[in-house]
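J.:
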Amino acid sequence: MKTSIRLEQAVQKLYVAFHNNALNPECCKQCAVGNILDNTESWKHLSDRHGSLKLNYVGMVNQNLGRKFNGYTPQELLHIEAIFLKNCGYSIPLHYRGTRPNNPEDKDLLFKGLCAVIAYLCELDGISNVMDYTKLFETHVKRQNTLHQSFNVT
Numbered sequence: 059m060k061t062s063i064r065l066e067q068a069v070q071k072l073y074v075a076f077h078n079n080a081l082n083p084e085c086c087k088q089c090a091v092g093n094i095l096d097n098t099e100s101w102k103h104l105s106d107r108h109g110s111l112k113l114n115y116v117g118m119v120n121q122n123l124g125r126k127f128n129g130y131t132p133q134e135l136l137h138i139e140a141i142f143l144k145n146c147g148y149s150i151p152l153h154y155r156g157t158r159p160n161n162p163e164d165k166d167l168l169f170k171g172l173c174a175v176i177a178y179l180c181e182l183d184g185i186s187n188v189m190d191y192t193k194l195f196e197t198h199v200k201r202q203n204t205l206h207q208s209f210n211v212t
């Protein structure tokens, strides 16, 4: 399976952030998009609220000009962040009265958000999810069945 440079770089940055405890849904520099964009917060000027799917004027101008940030359009970046936040247990867009997880730094919660983002990134590139481990088990089961048939084991 051939992956794009943007996908490889994004997955690598998210992986490093996750393992270095530098993935924080509430920080524009350490959220999913913040990490993909090299821990910058300039992307937050593409919408009026963190987690919003609606581009503001600056976002629409950049989108219409075909501008890409580390390979992703402004609209794609907003979707990436919304998916991350939702899968980490937040209601979007972020608001002080909105739903928020009890422990935003919980590794299981962050991993769930990370997996959802990676699935979306793969979808954007038109490839199967690189985090889908079920194919590994299918191959293993097929190999086991072949071994059992070879040795006449039932």
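Residue numbers (my numbering): 59 to 212.
The beta-carbon is built from N, C-alpha and C at its ideal position, and this holds for glycine as well.
In this text, all values refer to a predicted model and were calculated from it rather than measured experimentally.
Please list the terminal residues of the continuous alpha helix (DSSP H) segment that includes Asp166.
T.: Segment 165–182, the alpha helix (DSSP H) holding Asp166.
J.: Check the C-beta distance from Gly171 over to Phe142 and give it rounded, since I have them as a contact under 8 angstroms.
T.: Gly171 to Phe142, Cβ: 5 angstroms. Contact.
J.: Could you tell me which of Pro151, Cys173, His77 sits nearest to Met189, measuring between CA atoms?
T.: When each option's Cα is compared against that of Met189, the closest is Cys173.
J.: If you count every other CB in all the chains shown that lies within 10 Å of the CB of Leu123, and 16 or more means buried, which is it?
T.: It is exposed - the Cβ of Leu123 has fewer than 16 other Cβ atoms within 10 Å.
J.: Beta carbon of Tyr148, beta carbon of Arg158: below 8 angstroms?
T.: Yes. Within cutoff.
J.: Identify whether Tyr130 lies in helix, strand or coil by the three-state DSSP scheme.
T.: Reduced to three states, the DSSP call for Tyr130 is strand.
J.: Roughly how many whole angstroms lie between the Cα atoms of Leu111 and Thr192?
T.: Between Leu111 and Thr192, the C-alpha separation is close to 31 angstroms.
J.: Please state whether DSSP places Lys144 in a helix, a strand or coil.
T.: Here Lys144 sits in helix by DSSP.
J.: Exposed or buried, what is His108 when buried is set at 16 or more other beta-carbons lying within 10 Å of its beta-carbon?
T.: His108 is buried by the Cβ-count criterion.
J.: For His137, which three-state DSSP category applies?
T.: Reduced to three states, the DSSP call for His137 is helix.
J.: Who are the near neighbours of Asn114 in its chain, counting only those whose CB is closer than 6 angstroms to its CB and skipping five residues on each side?
T.: Same-chain partners within the cutoff: Ser105, Asp106.
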